[in-house]
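Asker: Before anything else, here's the structure in question.
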Amino acid sequence: MRLLVVSDIHANLEALDACLDAAPAYDQVYNLGDIVGYGANPNEVTARARELGSVFVRGNHDKACSGLTNLEDFNPIAGLAALWTREQLTPDHLEFLRELPQGPLEPMENVHHVHGSPRDEDEYVLMASDAYAMLAHASAPLTFFGHTHVQRCFLLESDSSTGKSLVPAYRSAKGSQDIKLELKPNTKYMINPGSIGQPRDHDPRAAFLLYDTEESAITFYRVPYDIQRAQRKIISAGLPERLAIRLEEGH
Ligand code: ZN
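Heads up: the sequence shown runs through residues 2 to 252, numbered per our numbering.
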């Protein structure tokens, strides 16, 4: 089975289209949440995600934009974008987003699927020490997570008390690139595919991954897309300018 693992698309249609064009053959799509919020195409992206997806968990922006949660925890820019998104979404897409399941899910034996972390759907796992503590208690060898918008792999070998953090080392930040990682036995992994619609690891290219269960391997991808077009749409929608600027900064 070949699983396309996508996260944090954030209503960025240009980035999503570029990723789908660049993606290798796959059997199923796992979506780790934050389909909407920030970007200018919430309806188009939700429609595309629904066509593609078979396994979903909800993200904090999916909850806020569909009115499930209020905006207390959002900074003013994210809050404005969530309110704008709520007004744009069709009733059908609003209902779909409101009904997305809460993680963690186990869509396949030994594979967990969360937006934030296994213990809290809204937690940011940025610190390696947090990831290692969770890996020590993880019941599945493989957990896919999103939320941080940072493409990364944390791992803990069974005979070791210290974990490792791997950041895909691309040759440059230009063009489409991919990096393959063979998964080792007796090792637990937490892997973030990165964000399609708003990367925050200083690489503005859209990010996702492919998990090949037979090969027991992950391939990380970075794909360039028409950032200027996505930016123009954000500005002409009246969304905060910062949301356009950060796309080219990749942060
Ligand atoms: Zn997000």
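Glycine residues also receive a C-beta, built at the ideal position from the N, C-alpha and C atoms.
Do you know offhand how far residue 248's Cα is from residue 157's?
Answerer: 32 Å
Asker: I'd like the span of the beta strand (DSSP E) that includes residue 213, first residue to last.
Answerer: 207-213
Asker: Please output, in chain order, the residues near the ligand ZN using a CB cut-off of less than 5 Å to any non-hydrogen atom of the ligand.
Answerer: Close to the ligand ZN, as judged by a C-beta nearer than 5 Å to any of its heavy atoms, are the residues 9, 35, in chain order.
Asker: What does DSSP give as the partner residues of residue 155 in its beta bridges?
Answerer: 166, 191
Asker: Is the region 78-95 in contact with the region 223-242, if contact means three or more CB pairs nearer than 8 Å?
Answerer: yes
Asker: With residue 183 and residue 218 assumed to form a contact (beta carbons below 8 Å), what rounded beta-carbon distance in angstroms separates them?
Answerer: 5 Å
Asker: Which residues mark the beginning and the end of the alpha helix (DSSP H) in which residue 4 is found?
Answerer: That residue, residue 4, is in no alpha helix (DSSP H); its beta strand (DSSP E) goes 3-7.
Asker: Are the CB atoms of residue 115 and residue 177 nearer to each other than 8 Å?
Answerer: no
Asker: Answer yes or no: do residue 214 and residue 180 have a C-beta to C-beta separation smaller than 8 Å?
Answerer: no
Asker: So the candidates are 50, 67, 130; which of them puts its Cα closest to the Cα of residue 163?
Answerer: 130
Asker: State the DSSP-derived secondary structure class of residue 222, mapped to helix, strand or coil.
Answerer: Three-state DSSP puts residue 222 in a strand.
Asker: Are the CB atoms of residue 1 and residue 201 nearer to each other than 8 Å?
Answerer: With the chain running from 2 to 252 in the structure shown, residue 1 is simply not present.
Asker: Please state the DSSP three-state secondary structure of residue 91.
Answerer: coil
Asker: Use the C-beta contact count for residue 196: other C-beta atoms within 10 angstroms, 16 or more gives buried, fewer gives exposed.
Answerer: buried
Asker: Does the pairing of the region 55-65 with the region 104-122 give three or more beta-carbon distances under 8 Å?
Answerer: yes
Asker: Just confirm the distance between the C-beta atoms of residue 118 and residue 146, as a whole number of angstroms; I'd bet it's less than 8 Å.
Answerer: That pair is a contact at about 6 Å.
Asker: Around the C-beta of residue 194, are 16 or more other C-beta atoms found within 10 angstroms, so that it is buried, or is it exposed?
Answerer: buried
Asker: Take residue 161 and list the residues in its own chain whose beta-carbon comes closer than 7 Å to its own, dropping the five residues that flank it on each side.
Answerer: Result list for residue 161: empty, nothing under 7 Å.
Asker: Among 143, 77, 27, 4, which residue has its Cα nearest to the Cα of residue 188?
Answerer: 143
Asker: Can you find the residues in the same chain that come closer than 7 Å, C-beta to C-beta, to residue 171, ignoring five residues on each side of it along the sequence?
Answerer: 178, 180, 223
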